[in-house]
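So the mapping is simple: our numbering equals the position in the sequence shown, first residue as 1, plus 221.
A virtual CB, placed ideally from N, CA and C, is assigned to each residue, including glycine.
This structure is a prediction, so every number in the text was calculated from the model and none was measured.
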Amino acid sequence: MEFEKGPNEAGRKPINPLLKLALELGPLGVFFFANARGEWLAERFPALEQLGGPLFVATALFIVATLIALTVSLILTRRLPIMPLITGVVVLIFGGLTLWLQDETFIKMKPTIVNVLFGATLLIGLAFGKSLLGYVFDSVFRLSDEGWEKLTLRWGLFFFVLAALNEIVWRSVSTDMWVNFKVFGIMPITFVFTLFQLPLINRYTLPEKDAGS
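And the structure:
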């Protein structure tokens with residue numbers, strides 16, 4: 222079994238953008254739904270009560286959904302998808318620890334650990350000549366190799382910024398305020414950061430005739 226080819230490599234087998242989006246965001250949707258309706262799910266599936274509160278029910282279902290999405294992607298492409306594979310390993314390890322420890326402190330530190338891992342993965346990939354961000358977003362837009370390298374570098378550093386912000390917030394405020402920051406703070410920050418990348422994306426977007434090269 223081989224790893225998937227890079228975004229601009231010949232022979233890369235594309236996945237339908239909508240299907241790819243569903244595979245990548247589907248597990249996250251399962252997590253948010255289960256977290257919001259954890260008690261409702263536990264009432265209908267008594268076995269879930271053994272996991273603990275809604276957050277732990279959501280974590281368990283998140284692990285299952287991530288493994289299913291990874292398996293479907295593998296079946297469709299016959300190759301190991303790099304970023305979903307990394308995500309799956311991270312979710313399996315830290316989701317498993319969350320269920321095992323059921324410790325509020327660990328849950329608060331989880332975004333820090335995950336962001337550091339993603340940041341390190343992107344930067345280490347660059348050091349080995351792999352722009353891993355292109356494996357995630359190549360179905361959304363097409364960039365030159367130089368464009369993917371610069372965008373991957375920026376996102377790698379941005380993940381470390383998110384990790385630092387999470388550490389500052391959870392150590393400084395109440396749990397309720399931290400939850401609000403996690404839900405209503407991280408997404409706007411990420412959205413603004415993404416908007417600032419548009420000039421770079423426009424500058425390095427490949428012409429339509431070269432998009433498959």
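- Message: If you follow the alpha helix (DSSP H) that G368 is in, where does it begin and where does it stop?
- Response: For the purposes of this step, residue 368 is identified with residue 147 of the sequence shown, where counting begins at 1. Start and end: D366 to W391.
- Exposed unless 16 or more other CB atoms sit within 10 angstroms - verdict on L383: On the sequence shown, residue 383 is found 162 positions in, with the first residue counted as 1. Buried, by the Cβ-count rule.
- Check whether the segment 375-395 touches the segment 336-344, taking contact to mean three or more Cβ pairs, one atom from each stretch, closer than 8 Å. yes
- Message: Give me the residue from F252, P332 and F266 with the minimum Cα distance to L282.
- Response: Counting from 1 along the sequence shown, the entry for residue 282 is found at position 61. The residue with the shortest Cα to Cα distance from L282 is F252.
- Task: Taking 9 Å as the cut-off, decide whether the C-beta atoms of N387 and P428 are in contact.
- Result: The residue you call residue 387 lines up with position 166 of the sequence shown. The residue you call residue 428 lines up with position 207 of the sequence shown. Result no, Cβ atoms of N387 and P428 do not sit closer than 9 Å.
- Message: Once the 5 residues before and after L288 are set aside, which same chain residues still bring their CB inside 7 Å of it?
- Response: Translated into the one-based positions of the sequence shown, residue 288 becomes position 67. So the qualifying residues of the chain are G309.
- Name, in chain order, the residues that DSSP records as bridge partners for T426. Position 205 of the sequence shown holds residue 426. The partner list for T426 (beta bridge, DSSP) reads L364.
- Item | Which listed residue (I284, P420 and A290) has its alpha carbon closest to that of F315 | Counting from one through the sequence shown, the residue named residue 315 turns up at place 94. Here the closest residue by C-alpha is I284.
- Message: What would DSSP say about E223, mapped onto helix, strand or coil?
- Response: Taking the sequence shown and counting its residues from 1, one reaches residue 223 at position 2. Low local confidence applies: a pLDDT of 48 at E223 is under 50, so the model's placement there is unreliable, with the coordinate-based value given in what follows. Residue state, collapsed to three classes: strand.
- Take the Cβ of P420 as the centre, count every other Cβ of all protein chains shown within 10 Å, and call the residue buried at 16 or more, exposed below. Mapped onto the sequence shown, residue 420 falls at position 199. By the neighbour-count rule (16 or more Cβ atoms within 10 Å), P420 is not buried but exposed.
- Task: Count the other C-beta atoms from every protein chain shown that fall within 10 angstroms of the C-beta of T396, then say buried if there are 16 or more, exposed otherwise.
- Result: Taking the sequence shown and counting its residues from 1, one reaches residue 396 at position 175. The residue in question, T396, is exposed, as its Cβ has fewer than 16 Cβ neighbours within 10 Å.
- Euclidean distance between Cα positions of R363 and G355: As a first step, residue 363 must be located in the sequence shown, where it is residue number 142. As a first step, residue 355 must be located in the sequence shown, where it is residue number 134. So the two alpha carbons sit approximately 8 Å from each other.
- Chain-order list of residues whose beta-carbon lies under 8 Å from that of G350 (same chain, five-residue window excluded): The residue you call residue 350 lines up with position 129 of the sequence shown. Contacts found: none.
- With distances taken Cα to Cα, identify the nearest neighbour of T415 among G377, S393 and N256. Locating residue 415 in the sequence shown gives position 194, counting from the first residue. Per the Cα distances, G377.
- Item | Cβ-Cβ separation, V293 to L343 (assumed contact under 8 Å), whole Å | Translated into the one-based positions of the sequence shown, residue 343 becomes position 122. Translated into the one-based positions of the sequence shown, residue 293 becomes position 72. Between V293 and L343 the Cβ distance is about 24 Å, and since that is not below 8 Å, they are no contact.
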